[in-house]
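Contents: one structure, followed by commentary.
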Ligand code: FA5
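In the numbering used here, the protein residues as written are 436 to 787.
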């Protein structure tokens with residue numbers, strides 16, 4: 436009987452070693468261990484017959500069984516290492532990163548060209564010592580018109596026919612009401628001269644066309660101090676024109692009318708396209724109109740509690756949309772408000 440059992444163990448070793456050799460995954464290997472040496476395994480079945488052997492035969496079979504364990508474990512460990520290595524290689528191959536693949540380009544937004552223009556204007560005037568003051572877009576009739584020397588029923592109101600919310604409340608038609616709001620707050624004795632700019636949205640019942648929008652942007656400028664003259668206004672606006680449109684630019688003042696300035700002027704900048712020769716941009720005149728301005732009317736100062744005998748000032752109102760159109764050669768104001776990315780993305784400029 437011992438011979439027969441030894442033979443069985445021997446065959447089992449051969450078979451187990453072959454099975455181990457053929458195994459191709461850690462799971463398969465673990466299953467083999469259970470099938471051969473587990474509680475109901477092949478070797479265990481043979482071991483159970485040990486009790487039927489003679490006393491001196493038992494160690495002989497035991498030796499065979501031990502040999503089985505030694506050989507099985509040796510082959511098992513070797514194969515396990517080999518499989519672990521293979522599985523790691525397979526995983527690494529699967530997770531390989533191709534560093535030569537081109538990256539995905541992140542699309543990035545652009546600040547709106549009107550925002551960029553407003554900020555450029557703000558920077559320019561901050562550099563000249565101005566402060567930036569914002570006013571409300573929903574404004575009182577009093578500030579928008581009356582304090583701007585435009586009493587009720589004044590015919591000049593028609594030029595800015597507006598959106599009324601009630602008798603007294605409206606969407607402001609220009610940034611000029613910020614003049615009155617600032618003047619009444621400013622303490623000249625304590626704070627000294629006033630130099631401010633005020634950018635923002637304005638609204639008019641204008642019909643939209645290539646150069647007019649019912650909603651657009653202005654930037655108000657106001658300087659009030661003793662003995663301010665038209666020469667100060669001209670010097671300031673020349674500096675602005677050169678900084679914004681180019682060193683070569685000249686300006687000219689033409690008489691005009693605004694109820695809140697006296698005298699009033701329209702300011703033209705020499706055409707940056709043709710240099711004054713005459714072209715389609717300047718309509719063959721050599722000049723382009725960019726803003727309205729003037730010497731602050733004494734009534735405006737007095738209504739805001741400023742002594743017009745001691746103080747004088749100049750004010751100007753730039754159309755931000757207009758100067759952006761001129762500077763960037765944009766042919767229709769409506770492009771600003773249509774959110775067409777093909778238009779907006781052209782103004783990446785210095786932004787990244
Ligand atoms: C005014 O609004 C005055 N408040 C400007 C001013 C301020 C004068 C201080 C004197 C002292 P005006 O209506 O001309 O003025 O408008 C000023 C600028 O706004 C114009 O030169 C133009 O550039 C722009 N503008 C006027 N209407 C429109 C519109 N519908 N769409 C786009 N821009 C406009």
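Every residue, glycine too, gets a C-beta built ideally from N, C-alpha and C.
Three-state class that DSSP yields for residue i in the structure shown
i           : result
residue 787 : The predicted position of residue 787 is uncertain, since its pLDDT is 42 and thus under 50; no value can be drawn from it.
residue 773 : coil
residue 581 : helix
residue 674 : helix
residue 517 : helix
residue 460 : coil
residue 680 : helix
residue 695 : coil
Counterpart residues of residue i in DSSP-defined beta bridges
i           : result
residue 656 : 632 and 751
residue 667 : None, per the DSSP bridge assignment.
residue 686 : 704
residue 574 : 605
residue 567 : 632
residue 650 : 638
Buried versus exposed call for residue i [16 or more other C-beta atoms within 10 Å across all chains shown]
i           : result
residue 442 : exposed
residue 584 : buried
residue 787 : Confidence in residue 787 is poor, its pLDDT being 42 and thus under 50, which makes the residue's placement unreliable; the coordinate value appears in the next sentence. The residue is exposed, with fewer than 16 neighbouring Cβ atoms inside 10 Å.
residue 467 : buried
residue 696 : buried
residue 543 : exposed
residue 558 : exposed
residue 597 : buried
residue 790 : Only positions 436 to 787 of the chain appear in this structure, which leaves residue 790 out of reach.
residue 565 : buried
residue 616 : buried
residue 494 : exposed
residue 601 : exposed
residue 703 : buried
residue 765 : buried
residue 537 : exposed
residue 655 : buried
residue 776 : exposed
residue 634 : buried
residue 686 : buried
residue 445 : exposed
Run of the alpha helix (DSSP H) containing residue i, from where it starts to where it stops
i           : result
residue 444 : 437-457
residue 612 : 612-620
residue 595 : From DSSP, residue 595 is part of no alpha helix (DSSP H); its letter is neither H nor E.
residue 553 : 548-561
residue 624 : 623-626
Q. Where in the region 708-767 do unbroken runs of the beta strand (DSSP E), each at least 3 residues long, occur, reported from the N-terminal end onward?
A. 722-731 and 747-754
(Q) Restricting to runs no shorter than 4 residues, where is the alpha helix (DSSP H) found entirely within the region 464-510? (A) 477-482
Q.
Extract the residue ranges of the beta strand (DSSP E) inside the region 523-549, only unbroken runs of 3 or more that lie entirely within it.
A. none
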